[in-house]
Amino acid sequence: MDVPRFSGVVQLGCCPVGLEQCLRNQFCGSKRSSSDGTRVPSEPGKLVQGPALAANSLRRRAEKAYTARVGRPKSEIPANKRDEHENTAMPAEFDGYAAEGYSKLLSDPLRERFAGSEFFFQRKLILLRELCQRCGMNTERASWLDVGCGEGSLLKMGKPYFREVAGCDVSAGMLRHCEGLNVRRQDSAQRIPFDSGSFDLVTVVCVYHHVDVAERPALTADISRVLKAKGILCVIEHNPLNPVAQLIVRRSSVDSHAHLLTAGKVRRLARAVQMEVLGTHYFLFFPERYYSAMAATEARLSSLPLGGQYAVFCRKD
Ligand SMILES: C[S@@+](CC[C@H](N)C(=O)[O-])C[C@H]1O[C@@H](n2cnc3c(N)ncnc32)[C@H](O)[C@@H]1O
């Protein structure tokens, strides 16, 4: 077998089962010293470098992510019980933030100089209602689901304008703050706990950057499932192309595991489940104190990919 070489380091890679199999089995039978090419037995825990180190670190990250998501290490769950655990266990990340006081954790002088928490939701609701109007949706007759609704702030603000509103989230701790709302806890990061074809509008606000990249396509497919035919999906996210948004996210403990995504990535996720992308709207160009004077300018800038956040609107076929 042809083994890649790096001068002066000991490397794995000569194992006949191959790296992928090796990772799956968490086993490597032997390693080769690059100085003379001779095989030496593996020593668990010994420092290795190069591709092996990268592979070990990937495996550790995958194991950590699995344990965080399912609540127990994979090795402790019998293979025939894994489905059960994977589907019912809850990620604890936002339960922890809810317990510590989510809004307290969001507080940041830079964010507050830009706008107060209430304004961020007001601005989104304005955008959402404009969108519904443009799509010819009469919100007073429409049903709206907010996926990853958190403490339900947007739903509470928007509820008077819709016939019916509902929310879901993987975090029971966040949902505890949704008093007065019809909310359900998600047993799985990829499954929405509502019937197919139930909603005219689904929003997903600042959620995707907390979802594992590998889980995003399945989540999007399930969101499409709960939409009615011709229903609208609106995904709102922090804009990674805006340096202030980047900075605020980097400083926030709530976003310590976040992976921001561009509007292009959201559009690709939607198209992959056969949704039609209607448009992308950038907003939050100006701080709250200038918004009332600058609203018309902000609307004119909406196609410029520099606003603090963006909304991607899509329609189910
Ligand atoms: C930053 S908070 C945003 C909450 C709310 N949308 C808002 O704008 O205030 C992210 C929320 O997404 C939830 N979340 C993370 N992954 C999720 C998933 N796969 N499905 C549903 N909710 C998820 C978290 O539990 C958390 O409540």
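So for the sequence shown, this note's numbering puts the first residue at 2; every next one is plus one. Built from N, CA and C at the ideal position, the CB exists for glycine as well.
key: Within 6 Å of ligand 1: residues by beta-carbon to any heavy atom   = 95, 148, 149, 150, 151, 154, 155, 170, 171, 172, 175, 187, 190, 206, 207, 208, 211, 212 and 220
ask   = Taking the alpha-carbon positions, what's the residue 206 to residue 162 distance?
value = 18 Å
task = At 4 residues or longer, and completely inside the segment 219-296: list those alpha helix (DSSP H) runs for me, N to C.
result = 244-252 and 264-273
message = Applying the 10 Å Cβ sphere with the 16-neighbour rule, what's the burial state of residue 305?
response = exposed
query = Count the other CB atoms within 10 Å of the CB of residue 275; is the residue buried (16 or more) or exposed (fewer)?
reply = exposed
query = Exposed or buried, what is residue 267 when buried is set at 16 or more other beta-carbons lying within 10 Å of its beta-carbon?
reply = buried
Distance CB(residue 190)-CB(residue 212) smaller than 8 Å = With respect to the 8 Å criterion, residue 190 and residue 212 are classified as neighbours on the basis of their beta carbons.
ask   = Could you give the distance in angstroms between the alpha-carbon of residue 308 and the alpha-carbon of residue 283?
value = CA-CA distance, residue 308 to residue 283, rounds to 5 Å.
query = Under the rule that 16 or more other beta-carbon atoms within 10 Å means buried, what is residue 243, buried or exposed?
reply = So residue 243 counts as buried.
query = At a cut of 8 Å, does the segment 220-235 reach the segment 185-202 through at least three beta carbon pairs?
reply = yes
task = Flag this pair as touching only if the segment 167-175 and the segment 213-221 have three or more C-beta atom pairs under 8 Å; answer yes or no.
result = no
inquiry  = DSSP has residue 170 in a bridge; who is on the other side?
reply    = 186
request  = Classify residue 133 as helix, strand or coil using the three-state DSSP reduction.
outcome  = helix
query = Should residue 290 be labelled buried (16 or more other beta-carbon atoms within 10 Å of its own) or exposed?
reply = exposed
inquiry  = At the level of alpha carbons, what is the spacing between residue 98 and residue 175?
reply    = Spanning the two alpha carbons is a distance of roughly 8 Å.
ask   = On the premise that residue 193 lies in contact with residue 224, defined as a C-beta separation below 8 Å, what is that separation, rounded to the nearest angstrom?
value = 6 Å
task = Give me whichever residues DSSP pairs with residue 143 in a beta bridge.
result = Beta-bridge annotation (DSSP): residue 143 is not paired with any residue.
query = Skipping 5 residues on each side, what residues in its chain have a beta carbon closer than 7 Å to that of residue 172?
reply = 95, 96 and 99
ask   = Which same chain residues, not among the five before or five after residue 123, have their C-beta less than 8 Å away from its C-beta?
value = Sequence-distant partners of residue 123 (beyond 5 residues in either direction) whose C-beta falls short of 8 Å from its own C-beta, in its chain, are 158.
key: DSSP three-state assignment for residue 203, whether helix, strand or coil   = strand
message = Under DSSP, the alpha helix (DSSP H) around residue 311 begins and ends at which residues?
response = Unbroken run through residue 311 is the beta strand (DSSP E), 310-317; no alpha helix (DSSP H).
inquiry  = Using only the alpha-carbon positions, how far apart do residue 238 and residue 261 sit?
reply    = 8 Å
task = Could you check the C-alpha separation between residue 140 and residue 134 for me, to the nearest Å?
result = 8 Å
query = Since residue 192 sits in a beta bridge, which residues does DSSP pair it with?
reply = 189
query = When the Cα of residue 256 is compared with those of 209, 288 and 272, which residue comes out closest?
reply = Here the closest residue by C-alpha is 209.
query = Under 8 Å between the Cβ atoms of residue 184 and residue 153?
reply = yes
key: residue 143 to residue 128 span [Cα, whole Å]   = 16 Å
query = So, helix, strand or coil for residue 148, using DSSP?
reply = strand
message = I'd like to know whether the C-beta atoms of residue 314 and residue 285 end up nearer to each other than 8 Å.
response = no
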